[in-house]
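Everything below concerns the one structure shown next.
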Amino acid sequence: KGVFAAGDCTTVPYKQIIIATGEGAKASLSAFDYIIRSGQ
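Numbering of the sequence shown is given in the numbering used here, commencing with residue 20 and proceeding in unit increments.
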């Protein structure tokens with residue numbers, strides 16, 4: 020009670036999926052930014 024944790028000190032069963040989703044979002048935003056900056 021009153022303890023909060025995040026990251027490697029937790030035991031979230033689907034942590035891999037959550038991390039992969041975040042990495043995919045970062046990659047798609049980077050690709051979008053590249054396309055906008057290159058004028059294509």
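Glycine is no exception: its CB is placed at the ideal position from the N, C-alpha and C atoms.
In this text the structure is predicted, and so the values were computed from the model without any measurement.
>> Whole angstroms are fine: how far does the CA of residue 20 sit from the CA of residue 56?
In response: The straight-line gap from Cα to Cα measures roughly 49 Å.
> Taking the alpha-carbon positions, what's the residue 30 to residue 22 distance?
Replying inline: 14 Å
> Do you know offhand how far residue 46's Cα is from residue 53's?
Replying inline: 11 Å
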